[in-house]
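Heads up: the protein sequence lines correspond to chains A and B, in order.
The opening residue of the first sequence carries number 1 in full-length UniProt numbering; numbering runs sequentially from there.
The opening residue of the second sequence carries number 1 in full-length UniProt numbering; numbering runs sequentially from there.
There are 2 protein chains.
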Amino acid sequence: MKDLYPSRKSQEVSIIPRKDPVIHAEKGQENHSSLSKEQLESYQQNGFLMLENFFSEAEVKQMSNEIYSLADDYKNTETPEVVREPTSDEIRSIFAVHENSSYFDKVAADKRILDIVNHLLGSEVYVNQSRINYKPGFTGKEFYWHSDFETWHVEDGMPRMRAVSVSIALSDNHTYNGPLMLIPGSHQHFISCVGEAPENHYKQSLKMQEFGVPDHDSMRWLANKYGISVPTGPAGSVLLFECNTMHGSNSNITPFGRNNLFMVYNSVKNRLVEPFSGADPRPEFIAARKKLPVLG
Amino acid sequence: MKDLYPSRKSQEVSIIPRKDPVIHAEKGQENHSSLSKEQLESYQQNGFLMLENFFSEAEVKQMSNEIYSLADDYKNTETPEVVREPTSDEIRSIFAVHENSSYFDKVAADKRILDIVNHLLGSEVYVNQSRINYKPGFTGKEFYWHSDFETWHVEDGMPRMRAVSVSIALSDNHTYNGPLMLIPGSHQHFISCVGEAPENHYKQSLKMQEFGVPDHDSMRWLANKYGISVPTGPAGSVLLFECNTMHGSNSNITPFGRNNLFMVYNSVKNRLVEPFSGADPRPEFIAARKKLPVLG
């Protein structure tokens, strides 16, 4: 399959214009969505959309209970799906929760969510990745700028930009507790990252550039062109963001942690192929390529 | 001299109520300030005050030129006043700029600033510390919660809470580029930090607690009681904050760096004594105890 979005293959930085629609709904279906026309336009233009109070207080409470009870279930378990703090046994993330918890399987198939993502992706969908993030207060670290699609394309073999992330906030997101920052409009540009240099070339290079992350000049260009958005909202809010939207987060020294449930929906017409890096695929719990129950 | 605010001397955390006024203006002078009644009340209640557009665009431009030219002057100089990046020669901070630059000496004596700080401190004042901070984009690290007074008291021998910091923004402060976060009202409480434990005690301690920083429970108590404020504003804004106001900042992965000029004014009635830690005083360029030109 032709690589439409090459990255980490060259020593040159390049910016490739998006070659895919943002909203994939079929002709004639453009306005048949549970989202309003304004919401669809905002997603189209910005590459993300915040839906405040999407889940009720009671639902948030139940989800919060379930994520703590899941952490409890995994307490003494060693499994790759569970990622712990480097310096303690505290759980940071649990992957594949839609497979290993009947409760979160139901959440992943929530009709209100599916109505939206079916429309945005213009097809039936499946869950490419799901995880719970337990972000602690005081010690939460920054997460550098990235486009998820760049990673999913290079490392997982996702062919096209036809996936959407759904992040359900299970605690309040303020501007100060390390919230997600997004660059509105960045989804229209694929920032091709530089690849690992042969040793000689690396030594010759005047300017050090990290491998596999967007370069400073491209980030400056994006941020100056589009600015930076920091959507905030109470627990129960849902943030939809397009797979190529550039995002990252600063650290969090406040006492206020942030838990969220994160699910990536991919179009059944965009199933994973061999990774474009040529390397072995990452494990199934990070990127689904075998078990693909279609969610309608 | 009796230690009214003991810290780092015990293995117990404690919260000591403030024993000093917030605004020290003499009786009858309370309303004789260039600040409005509302501004004074806000400073009294919150422990900080943001003054937007305090300096004109032309003044900001000149200050910015001066800070870059000062960095240039120090380019190949090894002196303790100049703090560089751990991994490069880039300058992070230059201390004692009011002594080593006639330009910044004039800024420190700016009548508009002195009118305010003289009133807040109820006396003549001197510059206890001055520095320029060059905070880069992309790699700016977090600065954990602290009360400056706790450090100045323990390490520098500042007897009472009668000092004020003036931070002049030389670039725009947004919510997302690692701005200062403050806990409004925290200046009313002295969070006494735990001291370095004897090795045995440390091993017995169930809960690890870092030495000389506020503990998590006190920080949770403060943040839940008072919330967190993030004053933002364009270059040229001035932030006044009381020496005991709890503050810190998250990291900054955005391309937008933050430069500021930071000056600490202390009351001439609050001159430094021997450090309350019993250790040797820190160097003169961090805490003035010899050269104390009174600024009126």
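Heads up, the beta-carbon is just placed ideally off N, CA and C, and yes, glycines get one too.
Residue i: buried (16+ other C-beta within 10 angstroms of its C-beta) or exposed?
i, result
"A:Ser205", "Because A:Ser205 sits at a pLDDT of 44, beneath the cut-off of 50, its placement in the model cannot be relied upon, and the point is left open."
"A:Ile16", "exposed"
"B:Asn31", "exposed"
"A:Arg84", "exposed"
"B:Thr254", "buried"
"A:Arg162", "buried"
"A:Ser34", "exposed"
"B:Glu150", "buried"
"A:Met1", "exposed"
"A:Pro86", "exposed"
"A:Ser56", "exposed"
"A:Glu90", "exposed"
"B:Glu242", "buried"
"A:Ala58", "exposed"
"B:Ser7", "buried"
"B:Ala279", "exposed"
"B:Gly28", "exposed"
"B:His201", "In this predicted model, B:His201 has a pLDDT of only 48, less than 50, meaning its place in the structure is not dependable; the value taken from the coordinates is given anyway. Looking at its Cβ environment, which holds fewer than 16 other Cβ atoms inside 10 Å, B:His201 is exposed."
Tell me, to the nearest whole angstrom, how far the beta carbon of residue i is from that of residue j; I am working on the premise that it is less than 8 Å.
i, j, result
"A:Asn53", "B:Asn252", "Not a contact, Cβ separation roughly 31 Å."
"A:Glu124", "A:Leu240", "In fact, because the Cβ distance is near 18 Å, the residues do not count as touching under 8 Å."
"A:Val154", "A:Tyr265", "That pair is no contact at about 20 Å."
"B:Arg18", "B:Asn244", "7 Å"
"B:Val22", "B:His187", "6 Å"
"B:Gly257", "B:Lys135", "5 Å"
"B:Val238", "B:Val166", "6 Å"
"residue 322 of chain B", "B:Asp20", "Outside the modelled stretch of chain B, which goes from 1 to 296, sits residue 322 of chain B, for which no answer is possible."
"B:Pro175", "A:Thr175", "Checking the sequence shown, residue 175 of chain B turns out to be Thr, not Pro. That pair is a contact at about 4 Å."
"A:Leu292", "A:Tyr126", "5 Å"
"B:Leu272", "B:Asp156", "6 Å"
"B:Pro275", "B:Pro283", "In fact, because the Cβ distance is near 12 Å, the residues do not count as touching under 8 Å."
"A:Gly212", "A:Cys193", "5 Å"
"B:Leu261", "B:Ile168", "4 Å"
"B:Ser218", "B:Val13", "6 Å"
"A:Ser171", "A:Ala235", "5 Å"
"A:His247", "A:Gly122", "About 23 Å; that fails the 8 Å criterion."
"A:His98", "A:Ala108", "4 Å"
"B:Ala288", "B:Trp152", "About 11 Å; that fails the 8 Å criterion."
"B:Gly195", "B:Gln11", "7 Å"
Going by DSSP, what residue range makes up the beta strand (DSSP E) through residue i?
i, result
"B:Ala25", "Run containing B:Ala25: none; DSSP gives neither H nor E here."
"B:His174", "No beta strand (DSSP E) contains B:His174, which DSSP labels as neither H nor E."
"A:Arg92", "91-95"
"A:Phe190", "189-192"
"B:Leu170", "Run containing B:Leu170: none; DSSP gives neither H nor E here."
"B:Val127", "125-135"
"A:Ser14", "14-17"
"A:Leu180", "180-182"
State the start and end residues of the unbroken alpha helix (DSSP H) segment that holds residue i.
i, result
"residue 315 of chain A", "The shown model of chain A, from 1 to 296, leaves out residue 315 of chain A, and the question about it has no answer."
"B:Val107", "102-108"
"A:His153", "148-156"
Does any heavy atom of the ligand ZN sit closer than 7 Å to the C-beta of residue i?
i, result
"A:Tyr5", "The ligand ZN is absent from the structure shown, which contains no ligands of any kind."
Does the region 90-99 of chain B come within contact of the region 62-81 of chain B, defined as at least 3 CB pairs closer than 8 Å?
-> Yes: at least three Cβ pairs fall under 8 Å.
Just checking, does the region 135-154 of chain A make contact with the region 99-110 of chain A on the three C-beta pairs under 8 Å criterion?
-> Not touching, per the Cβ criterion.
Alpha helix (DSSP H) runs contained entirely in the region 29-85 of chain B, provided each spans 4 or more residues = Whole alpha helix (DSSP H) segments, 4+ residues: 37-46, 57-73.
Does the count of Cβ pairs from the region 131-138 of chain A and the region 212-224 of chain A closer than 8 Å reach three?
-> At 8 Å Cβ cutoff, the stretches do not touch.
What runs of the beta strand (DSSP E), each 3 residues or longer, lie entirely inside the region 199-287 of chain B?
-> Listed in chain order, the complete beta strand (DSSP E) runs (minimum 3 residues) inside the region 199-287 of chain B are 238-242, 247-249, 258-267.
Count the C-beta pairs between the region 145-152 of chain A and the region 177-191 of chain A that are closer than 8 Å, then say yes if the count reaches three, no if not.
-> Flag = yes, the region 145-152 of chain A and the region 177-191 of chain A touch.
Touch check for the region 45-60 of chain B and the region 228-238 of chain B: three-plus C-beta pairs under 8 Å?
-> With a cut-off of 8 Å, the region 228-238 of chain B and the region 45-60 of chain B count as touching, because enough Cβ pairs lie within range.
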